[in-house]
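Quick note: to get the working numbering, add 28 to the position in the first sequence (first position is 1).
Positions of the beta carbon are idealized from the N, C-alpha and C atoms, including for glycine.
These notes concern the structure reproduced below.
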Amino acid sequence: MRYDPGPIEARWQDVWAEERTWEVANPGEPGAEPGKPKSYVLEMLPYPSGEPHVGHLKCYAVGDAIAHFRRRNGYEVIHPMGYDAFGLPAENHAIKTGEHPRDSTERSIAAFQEQFRRWGVSIDWSREVSSHRPDYYRWTQWLFLRLYEQGLAYRTEAAVQWCPKDATVLANEQVIEGRCERCGTLVEPRRLDQWFFKITDYADRLLADFDLLESWPENVVTMQRNWIGRSEGAEAVFRCDDLELDFTVFTTRPDTLFGATFFVLAPEHPDIERLIEGTPNADEVRAYVADAMRASDTDRGDADREKTGVRIERSVTNPVNGEQIPVFVADYVLMEYGTGAIMAVPAHDERDFEFARNFGLDIRQVVAPADASAVELPYVEQDSEDVLVSSGEFDGRTPAEAKDEIIEWLGRDDRGEPAVNYRLRDWLLSRQRYWGCPIPVVHCPECGIVAVPDEQLPVELPDIEDYQPKGQSPLEAATDWVETDCPACGAGARRETDTMDTFVDSSWYFLRYLDPHNTELPFDREIADHWMAVDQYIGGVEHAILHLMYARFFMKALSDGGYLDVQEPFINLFTQGMITRDGAKMSKSKGNTVSPREYVERFGADSARTYICFMGPPERGGDWLDAGVEGVHRFLSRLWRLGMEVAERTDPADAGPDGGEGASRELLAKAHWAIDKATRDFERGFQFNTVIAAVMELVNDAYRLKDGLYGDEAGGAALRFATSTAASLIFPFAPHLGSEIWELIEGGRVWEQPWPEADPGLLSAETFTLVVQVNGKVRAKIEAEAGADEPALLELARADERVGEHLDGKDVIKEIVVPGKLVNIVAR
RNA sequence: GCGGCUGUGGCGGAACUGGUAGACGCGCAAGGUUGAGGGCCUUGUGGGCUGUAUAAGCCCGUGGAGGUUCGACUCCUCUCAGCCGCACCA
């Protein structure tokens, strides 16, 4: 007899599909269980492309284990699934093949559905959504309009990052080292009208509300903090008297204002032309600016690059001391950060120092150690003991004191004020692409931008012939669709042809799952408030910044609009590590991919899932080894055979598991130990590898004791209990086999059973192994009675022959006794 | 440069609040079952040394160096290596 997972898995999958086992009802609906606490277990929704890979298998195996564990611990678990179906890969495929992205996407979705069912993931399929379907994106558009009404969506001309290959605008987050995240092409700047979400309005709340989270990986929080990049400091006004032009700069070091010896503008700064007009080297400046604009962001972003710049024949006034300081344009100053202009303090800033050295400019030290000892310039690191020098009335103040005092002093006559600056930019959400959610506005020559009325939603994506990007959205070609009437005045108007960034779609999908068939609203507020927030979110770290921050922003914006209560969408976040093959990231080009389908067919879904959870802590990555899957498959086979043999050999009428001695007692104790161990490790978080190891130990012991290999044989009741317990504990990882063996031994459905509880009476043994140390080194292990007190344990320890040898001729200085554990005798 | 994480056998990894380092699995080895192979079952498996019919014993060992402690993979200081994120952010 041989364990053949195929028929077993198919059978249980049919049961779950026919009986709709994993569906849960909303409050007030038939089947709702208001007595139960809710738990929203959610894995990041997949982007359907081809068929699922091992990363998906890992994500859903981990999430499913959590979902099962919570269900059996009395929670009403909502565990839905959907597809993030808009996006570039499908569109690129369409460009190449001419196939409609909808067709390839639907095909892929079918493959994902088939695999998820085949994996036995406990999904509530009645809540399935896909972002590309009109009944979903209708609500994406609806939500966009609500944000628009709240003033959180706006359109403006902006210097954007343009990918020439994909012919589209990219968000900051999609530009990696100056290259398109997707295709690696160097990004170019362009000025275009673009749609933005005002995420910057929420910068402080996005920071503060980290406090509302229970458990997020530290590194994700840190990444978001850095991305938001809040810095406190001051704005100070440097005036160009010639032109009566004020330049505000942001600085985190107002204490060094007296050391500002020159002033630098970013090449993109809008006032450069005014400044240089009529100056002798205007053309030289223009040439520099043109060069800088042409240089790629990668080149400009390189901190090691030689500092270049050009002098503008103007000066500005340092507000703290009235000094006229020279003005430069240099590309090390970025237009995107602060005001695009800086005060340069070469003595206390490495970049300014380098620039000053290249251009022979004054370097004036204004902060020095308290003992006035010489320091090497630039002196950047601050010490709280430092004092200001050459700073007029502020000499002798510490930098911290000086910061506040100088800001206040400047503030008195409007030369400066405290300021907070962020690295975070507004979210550029428009894309000049076809396969996305249309932005529901029209452009009317009379009324300007007009929102499409709610009752006309969805603005459906029209079919087009040619997907090739041409620098504008391919939707421009759908003339019948583009030309429309203004909803406000009825005059001829044109539809917006940009589509939304797919991150908009995925910023609220977890709300649609809650009320997926609502035709009046994206979701009912009461239902959303019932299920939200997500109690456990699971996904890859690659979404640490983008998706997770956008969804947090959406939540806050919707909450401000009164659409729901929750501030933070994901209370607990778990980020899984990546599975590699031969130590390398899997990729089709390397040919080292692992096809879940192949392994599921060969070893069964249970083996593949259990292996993934057994590889190691799931937050870490791991290298996929065929031998590892085989090992887990061997273990599941052993469990299956154990079940078969026990079912045949024993009888339900065998005496109950309460009694027993010898081998029976030992096996029962092991089973209860495994229950206890598995439960504690589950509750600790994601310690799946040790949960599975505990079940393996139980199965090993059952094998050892069933035939009385080392003494007497375990009785039928003990064997039955051990076997069904193993099935019950392995169920969250291997749901099919767990169900099969449970049914075989106990009858009924294991998932309807509460999670087992360990019997404390069987957990505590009558004896324990006393470890005896002499001077901290283990010298003996003695069986001792569980309740033995300190003197008794000491006596036992001293009576040991080896211990005696090690104590021989020595004076005992100290004796440490940890009851139930060990004795340590210190002797000299 | 800044921030975060990780270093334990041949490999993946265990070790809860300091108390038997190496659970469990892979690999490897031996024995059993089998016509053979596979499969399955059992046993062994950190390194070194002593010892032996079988035993057993001693020393070393969690990246490295110190420290705290009766006792350290675990706590502290310094240090090395690797991975990830951000990076001219004023």
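By alpha-carbon distance to E37, the top candidate from D634, A816 and N717 is D634.
Leaving aside the five residues that flank N852 on each side, the residues in its chain whose CB is nearer than 7 Å to its CB run, in chain order, Q801, G804 and I844. With fewer than 16 neighbouring CB atoms inside 10 Å of its own CB, R322 falls in the exposed class. Leaving aside the five residues that flank D593 on each side, the residues in its chain whose CB is nearer than 7 Å to its CB run, in chain order, D557 and S587. Remark: C-beta atoms of C268 and V344 approach each other more closely than 7 Å. Assignment of C514 by DSSP, reduced to helix, strand and coil, places it in the coil class. Per the coordinates, the alpha-carbon of P298 lies some 59 Å from the alpha-carbon of E626. According to DSSP, P217 shares a beta bridge with Q189.
Rounded to the nearest angstrom, the gap between the Cα atoms of E134 and I435 is 60 Å. Distance from R637 to W147 at the Cβ level is roughly 7 Å; contact confirmed, criterion being Cβ atoms closer than 8 Å.
The alpha-carbon of A45 is positioned some 33 Å away from that of A681.
G690 and D740 have their C-alpha atoms some 7 Å from each other.
Contact between the segment 576-583 and the segment 592-612 is present, with at least three C-beta pairs closer than 8 Å.
Straight-line measurement puts the Cα of R609 at about 31 Å from the Cα of P129.
Collapsing the DSSP output to three states places Y591 in coil. A distance below 7 Å between beta-carbons, with the five flanking residues on each side excluded, links E51 to the following residues of its chain, in chain order: D152 and S154.
Look at K66 here: in three-state DSSP terms it is strand. Per DSSP, the beta-bridge partners of K805 are V802. Along the segment 344-406, the alpha helix (DSSP H) occurs as fully enclosed runs of 4 or more residues at 378-387, listed in sequence order.
Annotation: E429 to R342 spans about 33 Å, alpha carbon to alpha carbon. Per DSSP, R100 lies in no beta strand (DSSP E) and is assigned neither H nor E. By the 16-neighbour rule on beta-carbons within 10 angstroms, L576 is buried. Excluding the 5 residues flanking it on each side, R553 has same chain C-beta neighbours closer than 7 Å at Y591 and L592, in chain order.
With 16 or more other Cβ atoms inside 10 Å of its own Cβ, P295 counts as buried. Looking at the backbone, the Cα of L241 and that of T228 are separated by about 21 Å. By DSSP's assignment, G444 forms a beta bridge with A264.
Under the three-state reduction of DSSP output, G476 falls in the strand class. Judged by DSSP in its simplified three-state form, I227 adopts helix. Between the C-alpha atoms of P502 and D529 there is a straight-line separation of about 15 Å.
Under DSSP, the beta-bridge partners assigned to N449 are S259.
Short of 7 Å from the beta carbon of R99, and not among the five residues preceding or following it, lie these beta carbons of its own chain, in chain order: V105 and W779.
Judged by DSSP secondary structure, T608 falls within the beta strand (DSSP E) whose first and last residues are I607 to R609. Separation of A816 and A702 (C-alpha to C-alpha, rounded to the nearest whole angstrom) is 26 Å. The alpha-carbon separation between G499 and A195 amounts to approximately 5 Å. Assigned with DSSP and collapsed to three states, I204 falls in strand. Sequence-distant Cβ neighbours of P80 in its own chain, meaning closer than 7 Å and more than five residues away, are P74, F140, Q143 and P624.
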